[in-house]
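These notes are about the structure you will find just below.
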Amino acid sequence: MKVKSISQATAKILLKIKAVTFRFDPPYTYTSGIKSPIYTDNRLVISYPEFRKKICNFYIQLIKEKIGIENIDYISATATAAIPMGSWIAEKLKLPMVFVRPDKKSHGKENQIEGFLKPKSRVLIIEDLISTGGSTVNNAQAIRDAGSKVSYCLVTFTYNTAVAKQNFKENKLRFMTSLEGFL
157 MKVKSISQAT AKILLKIKAV TFRFDPPYTY TSGIKSPIYT DNRLVISYPE FRKKICNFYI
217 QLIKEKIGIE NIDYISATAT AAIPMGSWIA EKLKLPMVFV RPDKKSHGKE NQIEGFLKPK
277 SRVLIIEDLI STGGSTVNNA QAIRDAGSKV SYCLVTFTYN TAVAKQNFKE NKLRFMTSLE
337 GFL
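Sequential numbering of the sequence shown, starting at 157, is according to our numbering.
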């Protein structure tokens, strides 16, 4: 399936499961503080086995065609919404996985990265949604601080904001979405 077809199929799935909703008064507030009348809740995908399998397979296809599995050593999912998809992708590709929290825990081992990450690994970030790109950049920085390399992020949906594009450019990250291809 071509990227355009994947894009259309993903959009249809998100609309079918009512992951895309509208609210004008008051508008939704994103984690970033942005206010918007549209909200996309990709977490709903986990409740639909047939659709989550399709979206996971779209990710796998894009990884194979645009990045190459041989160029990835680890999957890193951004906590918490991307953890399920990251897990399914890592399983299908037989790759190890970690997930990255927004901040270090204040208890226990005080980890920000959960799981074992071998230094100098090539890591692909899996993200559910990008508004400003802040959580993805945070994930990438944690991975880089741990001594590994991140160049790409794969995301289900992006609002395609100028601030996200700038954040990715400044942090030398490319993101690909099944709705648009690489940006």
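Beta carbons are placed, not taken as given, at the ideal position from N, Cα and C, and that holds for glycine.
Pairwise C-alpha distance: residue j and residue i
i: residue 327; j: residue 293; result: 7 Å
i: residue 199; j: residue 163; result: 18 Å
i: residue 338; j: residue 225; result: Its pLDDT being 44, under 50, residue 338 is placed unreliably in this model, and the coordinates cannot settle the point.
i: residue 217; j: residue 285; result: 19 Å
i: residue 202; j: residue 232; result: 18 Å
i: residue 229; j: residue 247; result: 13 Å
i: residue 254; j: residue 205; result: 23 Å
i: residue 324; j: residue 317; result: 11 Å
i: residue 313; j: residue 265; result: 33 Å
i: residue 227; j: residue 235; result: 23 Å
i: residue 277; j: residue 186; result: 32 Å
i: residue 291; j: residue 219; result: 21 Å
Close Cβ partners of residue i (< 6 Å) along its chain, the five nearest in sequence each way excluded
i: residue 262; result: none
i: residue 192; result: 183 and 184
i: residue 244; result: 212
i: residue 319; result: 288
i: residue 177; result: 195
i: residue 240; result: 202
i: residue 197; result: 175
i: residue 257; result: 235 and 268
i: residue 315; result: 287
i: residue 283; result: 234, 238, 292, 309 and 311
Residue i, DSSP secondary structure in three states
i: residue 188; result: coil
i: residue 172; result: helix
i: residue 330; result: strand
i: residue 161; result: helix
i: residue 307; result: strand
i: residue 298; result: helix
i: residue 205; result: helix
i: residue 166; result: helix
Residues that DSSP places opposite residue i in a beta bridge
i: residue 177; result: 195
i: residue 314; result: 286
Neighbourhood of residue i by C-beta distance below 8 Å, restricted to the same chain and skipping five residues each side
i: residue 259; result: 268
i: residue 207; result: 169, 172, 173 and 201
i: residue 271; result: 252, 253, 254 and 255
i: residue 275; result: 302, 303 and 304
Sequence-distant residues of the same chain with beta carbon closer than 7 Å to residue i, five excluded per side
i: residue 296; result: 281, 306, 327 and 329
Residue i at chain D interface by Cβ criterion, 8 Å
i: residue 162; result: Of the chains in the structure shown, none is chain D; there is only one protein chain.
Would you list, in sequence order, the uninterrupted alpha helix (DSSP H) runs of no fewer than 4 residues that lie entirely inside the region 215-294? Correct list: 239-249.
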